[in-house]
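The next block holds one structure in the form of C-alpha cells; read it before the comments.
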Amino acid sequence: MLESNRYKTSLNEVFSEQRKFELQLLIEKELAAANFQVGKIPKEANEIIQERCTSEFVQLSRVKEIEKEIHHDVMSLVMAISEQCGEFGGYIHLGATSYDIQDTVRSLQLVKAKETILEEIDKTIRIVSDLASENSDLVCIGRTHGAHAVPTTFGMKFGNFLYELLLAKKELENAHIDYGKMSGAVGTYASFGTMEIESIVLEKLMLKRQPITTQVISRVIISKYVYALGLIATVLDHFAREIRNLQRTEIDELRESFSDKQVGSSTLPQKRNPEKSERICGLARVIRSHILTSLDNICLEHERDLTNSSAERIILAEASILTHFILLQMNGILSGLFINQGKIKENLHLRKGAQNAENLMIKMTDKIGRQKAHELLKQLSNEEDFSSSVKNDQTIMQYFTESEIDEILKPENYIGLANQIVENLISSIKF
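Below is the structure:
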C-alpha cells in the first residue's frame, strides 16, 4: 500500500491487518451478545463466544489458512471463530452479511483516523495563528501573476493559510463517518427480523445507524470523508508551494530549516532544497486522486457489487495516513521556518517605489482623473527608478512635494487594513 515505512504515522496501526482482525472479532462478539439479549441464542452459547471470540483463541494465521481454501475473507473469520467455540460455533455471525461486519469495522477505523487528523490540524492552526500574529507588521511585496503588485504583510500570508485551514477542518468535521450497520444482505433486516440487534451493537460501539442501506452503507458518506482529506491536502499543498516559491534563490524570503548534517543534493554541495514542502505537494496529488475513486464507489450495481471493496482497501488507509503524514510534515516545517527579513525588505523596495504606484494614482484622481493618472504612471513605471521618475515629472510635481511623494511611495503606508484583518481572524478562532 505505502512504500515500506517511508510515510508511516500512528495511523498505520489503525489500518493494520491485525487491528482490523481485532475489530472484526469485537463486532462478532457484540453481535452474539445482542442476539442473546433478544433471545436468539442460548446463554451458554453467548458465554462461550464472549470468552473465545478474541485474538487469544482465534489466530489471524488460521483465518488466512482457511481463506486460501475458500477465497472469502469474512467467512474465513467466521469459520476460525466457530472452530474455537465448539458446539456453539453455529451461532457465530447469526443474521449478518459480510458488510455488516466490514462496514462497521471501517467506520471504527475512520472514526479514529478522523480524530487523529483533527488533533494534528489543530496543532497546525495554532502554529499558523502564532506566525500570523508575530508577523502582522512584517511588510512584504504582494505578488499577482508572479509579478510585484502592492505591499502586503506576512501576517496576511499566514492569515490566508490559516483561514483555508479552518475551512478545510470544518469539512472534515462535517464528514460524519460514525455509522455502522447490522441490517442483513440487502438492508431489509429480513435475517434479523428486528432493528433492535443493530441498535444494541451500534450503541456498544458508539456508532450511529443510517435510516436506510443496501448491503452497504451509502458511499456518499465515505466520499465526503475522502473529499475532506483531499481538501486538507490541497490547502497544505497551496502553502507548501508558497514556501517553495519564496525559497527560490532569487527571492529567498522563506527557507525550510536545514540541519548541520542535512544534505541538499548528492552532487551540489551548496544546495538547500525545500524538499519537505515538495514532498507535501507530491503526496497531495495522491490524496486528491482518491476523491475520484471514492465518487466512483458510490455507483454500485443494484443492492451492491464488489467494485468498491478492493479500491477502498487502498484509498481509505492511504488517504488517511498520507493526510496525517503531510500535516506532521507541515508542522515541522512551520516550527523551524526561517523568515529572511533582510531579503524581504530588499524585494519590497526592488522596484524603487513602483510597488505603490496605485496609491499615487488614487491620490492623483482628484487632480487629473484616474485614467490619465493610470496612463502616466504606467509610462513612468517602465523607468528603472520609479521614485526618481515621479519626482522629475512636472505634471505630478505641481501637486505634491518630494516629501509627500516619499510618504505616498513608502510601502509601510500602503498595507490598508491588513493588521485589522489578521487580528479579527485570529480573535475569531476557538480552540
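Note that the sequence shown ends on residue 430 in numbering that gives the first Met the number 0; no numbers are left out.
Heads up, the beta-carbon is just placed ideally off N, CA and C, and yes, glycines get one too.
Quantities reported herein were computed from a predicted structural model and do not represent experimental measurements.
**Asked** Per DSSP, Phe337 forms a beta bridge with which residues?
**Response** The residue you call residue 337 lines up with position 338 of the sequence shown. Phe337 pairs with Arg254.
**Message:** Tell me the rounded alpha-carbon separation between Thr306 and Leu25.
**Reply:** For the purposes of this step, residue 306 is identified with residue 307 of the sequence shown, where counting begins at 1. For the purposes of this step, residue 25 is identified with residue 26 of the sequence shown, where counting begins at 1. Approximately 26 Å between the Cα atoms of the pair.
**Item:** Beta-carbon proximity check, Gln397 vs Ile140, cutoff 9 Å
**Value:** As a first step, residue 397 must be located in the sequence shown, where it is residue number 398. As a first step, residue 140 must be located in the sequence shown, where it is residue number 141. No, these two residues do not count as a Cβ contact at 9 Å.
**Cβ-based neighbour list, Glu327, same chain, cut-off 7 Å, excluding 5 preceding and 5 following** = For the purposes of this step, residue 327 is taken as the residue at position 328 of the sequence shown. In the sequence on display, residue 327 carries Leu and not Glu. Excluding positions up to five away in sequence, the list reads Thr8 and Glu119.
**Neighbourhood of Ala32 by C-beta distance below 7 Å, restricted to the same chain and skipping five residues each side** = Translated into positions along the sequence shown, residue 32 becomes position 33. Result list for Ala32: Asn45 and Gln49, in chain order.
**Own chain, CB closer than 7 Å to Ile216, minus 5 neighbours either side, in chain order** = Sequence index remark: in the sequence shown, residue 216 carries index 217 (1-based). For Ile216, where only same-chain residues beyond five positions count, the Cβ hits under 7 Å are Asp102, Tyr178, Lys180 and Gln209.
**Request:** Below 8 Å CB to CB, which residues in the same chain sit around Glu12 once its five sequence neighbours on both sides are set aside?
**Result:** Stepping through the sequence shown from its first residue, residue 12 is reached at position 13. So the qualifying residues of the chain are Arg18.
**7 Å CB neighbourhood of Leu321 in its chain, flanking five on each side removed** = In the sequence shown, residue 321 corresponds to position 322, counting from 1. Answer for Leu321: Tyr6, Leu282, Val285 and Ile286, listed in chain order.
**Request:** Answer yes or no: do Asn330 and Ile196 have a C-beta to C-beta separation smaller than 9 Å?
**Result:** In the sequence shown, counting from the first residue as 1, residue 330 sits at position 331. In the sequence shown, counting from the first residue as 1, residue 196 sits at position 197. Result no, Cβ atoms of Asn330 and Ile196 do not sit closer than 9 Å.
**Prompt:** To which residues of the same chain is Leu267 closer than 6 Å at the C-beta, ignoring the five residues directly before and after it?
**Reply:** In the sequence shown, residue 267 corresponds to position 268, counting from 1. A caution first: Leu267 carries a pLDDT of 49, below 50, which makes its placement in the model unreliable, though a value can still be read off. Once the five neighbours on either side are set aside, Leu267 has no close Cβ partner at all.
**Reduced DSSP secondary structure (H/G/I, E/B, other) of Tyr178** = Position 179 of the sequence shown holds residue 178. Strand, per DSSP.
**Exposure label - Glu411; buried when at least 16 CB within 10 Å** = For the purposes of this step, residue 411 is identified with residue 412 of the sequence shown, where counting begins at 1. Exposed: under 16 other Cβ atoms inside 10 Å.
**Message:** Give me the DSSP bridge partner(s) of Pro150.
**Reply:** Position 151 of the sequence shown holds residue 150. Bridge partners of Pro150: Ile140.
**Item:** Local Cβ density within 10 Å of Val110, reported as buried at 16 or more and exposed below that
**Value:** As a position in the sequence shown, residue 110 is number 111, starting the count at 1. It is buried - the Cβ of Val110 has at least 16 other Cβ atoms within 10 Å.
**Item:** Three-state class that DSSP yields for Lys377 in the structure shown
**Value:** Taking the first residue of the sequence shown as position 1, residue 377 is located at position 378. In the structure shown, Lys377 sits in a helix (DSSP, three-state: H, G or I).
**Asked** When DSSP labels each residue in this structure, what does Lys39 get in the three-state scheme?
**Response** Residue numbering aside, residue 39 sits at position 40 when the sequence shown is read from its first letter. Three-state DSSP puts Lys39 in coil, outside helix and strand.
**Item:** Exposure label - Asp304; buried when at least 16 CB within 10 Å
**Value:** By 1-based counting over the sequence shown, the position of residue 304 is 305. When all chains shown are included, Asp304 counts as exposed.
**Request:** Look up Arg243 in the DSSP assignment and give the residues it is bridged to.
**Result:** Residue 243 sits at position 244 when you count from the first residue of the sequence shown. Per DSSP, none; premise fails for Arg243.
**Request:** With a threshold of 16 other CB atoms inside 10 Å of the CB of Ser288, please say whether the residue is buried or exposed.
**Result:** For the purposes of this step, residue 288 is identified with residue 289 of the sequence shown, where counting begins at 1. When all chains shown are included, Ser288 counts as exposed.
**Message:** Does the contact criterion of 3 or more C-beta pairs under 8 Å hold for the segment 308-318 versus the segment 339-347?
**Reply:** no
**Request:** Quick one: grab the DSSP three-state call for Glu2.
**Result:** The residue given as residue 2 occupies position 3 in the sequence shown. For Glu2, the predicted model reports a pLDDT of 46, less than 50, meaning its position is unreliable; a value from the coordinates is still stated below. Note: Glu2 maps to coil in three-state DSSP.
**Message:** What would DSSP say about Asn412, mapped onto helix, strand or coil?
**Reply:** In the sequence shown, residue 412 corresponds to position 413, counting from 1. Residue state, collapsed to three classes: helix.
**Request:** Taking Lys351 and Phe385 to be in contact with their CB atoms under 8 Å, please state how far apart those CB atoms are, rounded to whole angstroms.
**Result:** Here the question's residue 351 lines up with position 352 in the sequence shown. Here the question's residue 385 lines up with position 386 in the sequence shown. Lys351 to Phe385, Cβ: 5 Å. Contact.
**Close-in-space but distant-in-sequence residues of the same chain around Leu375 (CB under 6 Å, 5 per side omitted)** = Stepping through the sequence shown from its first residue, residue 375 is reached at position 376. Nothing listed; no residue qualifies.
**Item:** Per DSSP, cross-strand counterpart(s) of Arg208
**Value:** The count along the sequence shown starts at 1 and reaches residue 208 at position 209. Arg208 pairs with Gly179.
**Request:** Output yes or no for whether 9 Å exceeds the beta carbon distance between Ser132 and Val389.
**Result:** For the purposes of this step, residue 132 is identified with residue 133 of the sequence shown, where counting begins at 1. For the purposes of this step, residue 389 is identified with residue 390 of the sequence shown, where counting begins at 1. No; because the gap between Cβ atoms is not below 9 Å, this pair is not in contact.
**Request:** Please report how far the alpha carbon of Ile126 lies from the alpha carbon of Asp99, in whole angstroms.
**Result:** For the purposes of this step, residue 126 is taken as the residue at position 127 of the sequence shown. For the purposes of this step, residue 99 is taken as the residue at position 100 of the sequence shown. Those two C-alpha atoms are separated by around 41 Å.
**Exposure of Gly415, with buried meaning 16 or more beta-carbon neighbours within 10 Å** = As a first step, residue 415 must be located in the sequence shown, where it is residue number 416. The residue in question, Gly415, is exposed, as its Cβ has fewer than 16 Cβ neighbours within 10 Å.
**Prompt:** What is the C-beta distance between Asn134 and Phe160, in whole angstroms, given that I count them as a contact (C-beta under 8 Å)?
**Reply:** Residue 134 sits at position 135 when you count from the first residue of the sequence shown. Residue 160 sits at position 161 when you count from the first residue of the sequence shown. So it is not a contact: roughly 12 Å between Cβ atoms.
**Message:** Less than 8 Å between C-beta atoms, sequence neighbours within five positions excluded: which residues of the same chain meet that for Lys42?
**Reply:** Walking along the sequence shown from the start, residue 42 turns up at place 43. Contacts found: Phe35.
**Message:** Out of Leu299, His147 and Val138, which one is the CA nearest neighbour of Val185?
**Reply:** One-based indexing of the sequence shown puts residue 185 at position 186. If we check each option's Cα against that of Val185, Leu299 comes out closest.
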